[in-house]
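A quick write-up on the structure given underneath.
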Amino acid sequence: MLDRKFIVEHADAVKQNCRNRGVEADVDRLLELETQRREKLHEVQELNRRANEVSKSIGKAKDAREREERKAEGRRLREAKEAAQAAHDELERQIVAIQACIPNMSHPDAPIGEEADSRELRRGATPVPQFDFPVLDHVELGEALDLIDFEGGARVAGHGFYFLRNEAVLLELALQQFALRQLLDAGFTPVITPDLAYQEILHGVGYIPRGPETQIYSIENSNLSLVATAEIPLGGWQAGQVLDAEDLPIKLCGISHCFRTEAGAAGRASRGLYRVHQFTKVEMFAFTLPDQSEAMHEHFCQLECQLFDALKIPYRVIDTATGDLGGPAYRKYDLEAWMPGRGDGGEFGEVTSASNCTDYQARRLNIRYKRAGERGTRFVHTLNGTAVAISRALIAIFENYQQADGSIVVPEVLQPWVGKQRIETRAATAAN
RNA sequence: GGAGAGGUGGCUGAGUGGUCGAAAGCGCCGGUUUGCUAAAUCGGUGUACGGGUAACUCCGUACCGCAGGUUCGAAUCCUGUCCUCUCCGCCA
């Protein structure tokens, strides 16, 4: 949510930003309603002030008759105040409805336009591999090597669910360990979060938990939902709190399961593990001072690059165009890994994203900081970034590390946790 | 899941219908005093929104988990709800 005063004072910039992002929001209507609301607020406060005066004077009334007269006066004023309050609240409700639709402002360097206008910033250290044999995709590899069971997953929970088996399980845990180690070295506090969260937390972080197009699974007869990312519980962790400026920045890496309905998504681009209803993710999150967030954003992106360079997976870094940013993001960098089995002859596919949400989430979650010796409080900035989304990382590993004989080499940095250098068919393993 | 207790300012904790934004203590900030430290002493110290000012300042309104209700008036009474704690049960 943007600050209302900011919207009023920078209406033209806000409107232009909505156009850049392809978002419909009636900013002019908001300005009109806000003017009316302020007038009503004055009225409410004035009536209340007079009613308070009358109430205080009742104890000092000379006699019963005067006391009754003042009571009647007080009653009249309170009723008038209630009416004004109701009108004010209705205006407020309408304003918030519009305000909630207005996305965050955008970084001046973020490319303006739609998805196709996003800019490639750089490539990773590992070149795109050339294969001299027919390339398999991760679904074929996963089935041949008994690593993923989609059919079994569908029997148990429907399309979009899967069983990981054998070395895929070891790889999942290895990726978590590997990412965690790197982030610990970078000063992050590791956290395992709740996989469920209250709706108000989801809202604060910027998710819409119920409704026809929701990405979110909700628990019946409760206001809990399954989290779509650890960003939700990590952001919600400090909801309503006032942090000490000296404690910032706070860097967290959270491990959670992620649950997504993926309503309306289907087709070859979402084959196999690419778009699933449940996966595990190691997520970076930070609360920072306003002047720290841009540097933290670069830091997150560097760490993501470091992880994928260490895994020796080819990738490119994308500066996401304004039209493709989520509502809370001020700027977003995506890492897209090369996936040789994707499309015809391979395609890049998103594996991580790092967003600077500035104070947009903090305002909704009401997370502020206070500096010793300074009056008042200000909103913190929040950032989130994927360290490793396991399911998509597995796609990139399987497909880039596949060999002519159908086996998959285990990335060197993961070998200590997987306990082997190569994943072979069960038959080949038994023969060795 | 059952029974009970409770949610008050940065913290501890008083306050059962009016002068309570709220005692006291701690913490924090500033002054004084004392070789330093420690101690003593005095004063100050919440947030949000709105308003007047050139500005430190000042004024108004709201906030005692949250949402309703009663009342001229609610931290205080009533209802609902969420959360926490203790005990019991169940359980990885």
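2 is the number of the first residue of the first sequence in the numbering used here; add one for each residue after it.
The C-beta atom is built at its ideal place from N, Cα and C for all residues, glycine as well.
Excluding residues up to 5 positions away in sequence, 34, 37, 38, 41 lie with their Cβ nearer than 7 Å to the Cβ of residue 92 in the same chain. The beta carbon of residue 354 is closer than 8 Å to those of 321, 333, 334, 335, 336, 386, 387 in its chain, skipping five residues each way along the sequence. Among the bridge pairs identified by DSSP, residue 339 is matched with 349. Between residue 292 and residue 370, the C-beta spacing is not below 8 Å. Using a Cβ distance threshold of 8 Å, residue 239 and residue 368 count as a contacting pair.
According to DSSP, residue pairing for residue 317 in a beta bridge involves 124, 337. Within the stretch 260-302, the runs of beta strand (DSSP E) that reach at least 3 residues and sit entirely inside it are, in chain order, 279-289. Secondary-structure assignment with DSSP links residue 252 through a beta bridge to 287. Residue state for residue 382 is assigned as strand, using DSSP reduced to three classes. Looking at 49, 121, 57, the one whose alpha-carbon comes closest to that of residue 84 is 49. Judged by DSSP secondary structure, residue 417 falls within the alpha helix (DSSP H) whose first and last residues are 416-419. Taking a C-beta distance under 8 Å as the contact criterion, residue 398 and residue 274 do not qualify as a contact pair.
Per DSSP, the beta bridge partners of residue 190 are 253. The secondary-structure analysis by DSSP pairs residue 357 across a beta bridge with 332, 384. Secondary structure at residue 148: coil, using DSSP grouped into helix, strand and coil. For the pair residue 31 and residue 409, the Cα-to-Cα distance works out to about 57 Å. Check the Cα spacing between residue 198 and each of 348, 287, 233: the tightest is with 233. Under the three-state reduction of DSSP output, residue 174 falls in the helix class.
Using a 10 angstroms sphere on the CB of residue 230, the tally of other CB atoms reaches 16 or more, which defines it as buried. When beta bridges are read from the DSSP output, residue 199 appears opposite 225. The three-state secondary structure of residue 8, taken from DSSP, is helix.
When the five nearest sequence neighbours on each side are left out, the beta carbons in the same chain lying within less than 8 Å of the beta carbon of residue 225 are those of 197, 198, 199, 200, 219, in order along the chain.
Counting C-beta pairs closer than 8 Å gives three or more between the stretch 94-104 and the stretch 12-31, which meets the contact rule. When 242, 236, 262 are compared, the shortest CA-CA separation from residue 210 is found for 262. By the Cβ criterion, the stretch 310-320 is in contact with the stretch 115-123, since at least three pairs of Cβ atoms, one from each stretch, lie closer than 8 Å.
Counted as a single uninterrupted DSSP element, the stretch harbouring residue 63 is not any alpha helix (DSSP H), since DSSP gives it neither H nor E. Residue 244: not part of any alpha helix (DSSP H); member of the beta strand (DSSP E) spanning 243-245, first to last residue. Residue state for residue 32 is assigned as helix, using DSSP reduced to three classes. Residue 308 places its beta carbon 8 Å or farther from that of residue 131. In the DSSP assignment, residue 166 falls outside any beta strand (DSSP E) and carries neither an H nor an E. Following the DSSP letters along the chain, one finds residue 393 inside the alpha helix (DSSP H) bounded by residues 391-401.
The secondary-structure analysis by DSSP pairs residue 371 across a beta bridge with 245. Linking residue 278 to residue 390 through their CA atoms gives a straight-line distance of about 13 Å. Here residue 410 carries a strand assignment [DSSP, helix/strand/coil]. By DSSP's assignment, residue 258 forms a beta bridge with 281. The alpha-carbon of residue 347 is positioned some 10 Å away from that of residue 129.
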